[in-house]
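Rendered as structure tokens:
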């Protein structure tokens with residue numbers, strides 16, 4: 028016997044469905060914001076592209092160098108009077124006269140390869156800046172080649188190409204100018220005009236040779252031209268050694284014979300970065316493998332360049348090279364800044380070969396110890 032279907036069956040099922048608690052999907056949540064990498068003063072906004080060929084040195088807005096403007100008149104300050112002082116410096120400058128156009132290329136190559144010199148550009152000129160030995164950093168040249176600080180500053184250089192028109196050194200009447208056959212230099216001191224130089228006296232000399240022009244600039248609270256005299260002796264002694272490379276010289280030395288003992292060597296290639304009181308020093312040994320210009324770039328861990336234009340100008344160097352890539356040559360420059368290095372800093376070496384328009388990266392190292 029068939030039982031009758033209950034008429035309220037579907038209604039009961041609907042009631043049960045309505046009585047069950049409803050579960051709804053939670054509304055979609057917005058994705059957490061992507062945190063921008065930490066910023067650091069001097070960093071570019073985005074990761075750096077490959078650099079362009081080096082531009083003006085010094086770049087616009089770069090820290091100033093000691094002035095070549097001032098007066099030779101007596102100066103009165105705080106009850107004291109400083110009269111004009113003239114020095115007589117005895118020196119043999121004849122090695123400058125021995126170098127002619129036939130030795131110009133050889134001179135540039137040897138200055139570039141020697142750790143005693145930093146060959147760079149300045150105001151359109153090619154300058155070989157004299158380095159000094161630092162116990163911690165090795166052979167060093169600070170920003171623009173000026174050694175010392177505070178009450179004593181000095182720079183010595185060999186100029187291998189002329190400066191651009193209107194450069195301060197070229198136009199300053201305070202630079203005493205001589206020829207290589209002058210053996211008694213009458214050097215006039217002057218009172219420099221500029222921030223932080225009021226208590227200093229200064230002197231600047233230029234000796235013009237056939238190929239290289241010697242420049243020395245010294246500032247001191249008690250100017251006695253000690254640094255100038257020492258620099259003249261170092262430079263002329265180095266230049267005198269060039270005679271050993273003349274084709275008619277007896278027993279001419281090998282091409283690297285003019286370099287300090289042990290140069291070039293086979294030390295591992297790489298760059299080191301050290302923060303100093305005068306800025307961030309970048310130094311190490313490299314071999315670009317060809318003639319050209321080398322410079323350093325510092326980035327953070329995300330690849331953003333740090334003080335890129337200033338770092339390029341401060342480290343730009345025409346350095347030694349060899350087709351024997353096991354050889355390494357000294358490289359060094361100092362970036363004039365008191366800004367801290369960016370987090371996760373990395374230092375790169377870039378190279379622009381003569382005749383090329385495209386720089387190439389020849390090394391990359393962590394700044395961390």
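Residue numbers (my numbering): 28 to 396.
C-beta: ideal position from N, C-alpha, C; glycine also.
* When the Cα atoms are used, what is the spatial distance from residue 231 to residue 244? -> Here residue 231 is taken as the residue at index 204 of the chain shown, counted from 1. Here residue 244 is taken as the residue at index 217 of the chain shown, counted from 1. About 4 Å.
* Distance, Cα to Cα, residue 290 vs residue 310? -> As a working mapping, residue 290 is identified with position 263 in the chain shown. As a working mapping, residue 310 is identified with position 283 in the chain shown. Going by the C-alpha atoms only, they are around 16 Å apart.
* To do: In angstroms with no decimal places, state the Cα-to-Cα distance between residue 358 and residue 97.
  => Translated into the one-based positions of the chain shown, residue 358 becomes position 331. Translated into the one-based positions of the chain shown, residue 97 becomes position 70. Using only the alpha carbons, I get a separation of about 35 Å.
* Asked: With contact counted as at least three CB pairs below 8 Å, one residue from each stretch, are the segment 144-161 and the segment 201-220 in contact?
  -> no
* For residue 373, three-class secondary structure by DSSP -> Here residue 373 refers to the residue found at position 346 when the chain shown is read from its first residue. Three-state DSSP puts residue 373 in a strand.
* To do: Please report the Cβ distance between residue 367 and residue 305, rounded to the nearest whole angstrom; I am assuming they are in contact, meaning their Cβ atoms lie under 8 Å.
  => For this step, residue 367 is matched to residue 340 along the chain shown. For this step, residue 305 is matched to residue 278 along the chain shown. No, residue 367 and residue 305 are not in contact; Cβ-Cβ is about 15 Å, not under 8 Å.
* So the beta strand (DSSP E) residue 233 belongs to, where does it begin and stop? -> Within the chain shown, residue 233 is the residue found at index 206, counting from 1. That run of the beta strand (DSSP E) goes 228-235.
* Assigned secondary structure, residue 107 (DSSP; H/G/I helix, E/B strand, else coil) -> Counting from 1 along the chain shown, the entry for residue 107 is found at position 80. Residue confidence is low: residue 107 scores 48 on pLDDT, short of 50, so the model does not pin down where it sits. Its coordinate-derived value is still stated next. Correct three-state label for residue 107: strand.
* Euclidean distance between Cα positions of residue 369 and residue 67 -> Looking up residue 369 in the chain shown gives position 342. Looking up residue 67 in the chain shown gives position 40. Approximately 6 Å between the Cα atoms of the pair.
* Under the DSSP definition of a beta bridge, which residues are partnered with residue 203? -> As a first step, residue 203 is located in the chain shown; it is residue number 176 there, counting from the start. Residue 203 is bridged to 232.
* To do: To the nearest angstrom, report how far apart residue 240 and residue 351 are at their CA atoms.
  => Locating residue 240 in the chain shown gives position 213, where the first residue counts as 1. Locating residue 351 in the chain shown gives position 324, where the first residue counts as 1. Near 32 Å, if we compare the C-alpha coordinates of residue 351 and residue 240.
* **Beta-carbon gap between residue 75 and residue 380 smaller than 7 Å** => Within the chain shown, the letter at position 48 stands for residue 75. Within the chain shown, the letter at position 353 stands for residue 380. No, Cβ-Cβ distance for residue 75 and residue 380 is not below 7 Å.
* Closer than 8 Å by C-beta to residue 238: which residues in its own chain qualify, once you throw out the five before and the five after it? Chain order, please. => On the chain shown, residue 238 is found 211 positions in, with the first residue counted as 1. 126, 127, 128, 130, 131, 134 and 187.
* To do: List in chain order: all unbroken beta strand (DSSP E) runs of 3+ residues lying wholly within the segment 167-198.
  => 174-176 and 179-186
* Asked: Would the segment 376-390 and the segment 312-324 be scored as touching if the rule is three or more Cβ pairs under 8 Å?
  -> yes
* Could you tell me whether the Cβ atoms of residue 151 and residue 190 are closer together than 7 Å? => On the chain shown, residue 151 is found 124 positions in, with the first residue counted as 1. On the chain shown, residue 190 is found 163 positions in, with the first residue counted as 1. It is a contact, given that the beta carbons lie within the stated cut-off.
* In chain order, which continuous runs of the beta strand (DSSP E) of length 3 or greater are located wholly inside the segment 106-162? -> 107-109, 113-117, 144-149, 152-157 and 159-161
* Asked: What are the start and end residues of the alpha helix (DSSP H) that includes residue 250?
  -> To locate residue 250, count along the chain shown from 1; it is residue 223. Per DSSP, residue 250 belongs to no alpha helix (DSSP H) and is neither H nor E.
* DSSP state of residue 323 mapped onto helix, strand, coil -> What you label residue 323 is simply residue 296 of the chain shown in a count that begins at 1. In the structure shown, residue 323 sits in a strand (DSSP, three-state: E or B).
* **DSSP-derived helix/strand/coil call for residue 290** => Numbered from its first residue, the chain shown carries residue 290 at position 263. Three-state DSSP puts residue 290 in coil, outside helix and strand.
* To do: Give the secondary structure of residue 267 by DSSP, where H, G and I count as helix, E and B as strand, and everything else as coil.
  => As a first step, residue 267 must be located in the chain shown, where it is residue number 240. Note: residue 267 maps to helix in three-state DSSP.
* Asked: Quick one: what's got a C-beta closer than 7 Å to residue 374's C-beta in the same chain, skipping five residues either side?
  -> The residue labelled residue 374 in the question sits at position 347 within the chain shown. Excluding sequence neighbours, residue 374 sits near 298, 300, 309, 323, 325, 392 and 394.
* To do: Just tell me which of 124, 77, 228 and 164 has its CA closest to the CA of residue 113.
  => In the chain shown, the residue the question calls residue 113 occupies position 86. With distances taken between Cα atoms, residue 113 lies closest to 228.
* **Bridge partners - residue 97, DSSP secondary structure assignment** => Counting from 1 along the chain shown, the entry for residue 97 is found at position 70. For residue 97, which the question treats as bridged, DSSP gives the partners 219.
* Asked: Between the Cα of residue 293 and the Cα atoms of 261, 348, 341 and 247, which residue gives the shortest distance?
  -> By one-based count along the chain shown, residue 293 stands at place 266. The shortest C-alpha separation from residue 293 is found at 348.
* Is it right to say residue 218 is buried, meaning 16 or more other beta carbons lie within 10 angstroms of its own, or is it exposed? -> Here residue 218 refers to the residue found at position 191 when the chain shown is read from its first residue. Classification for residue 218: buried.
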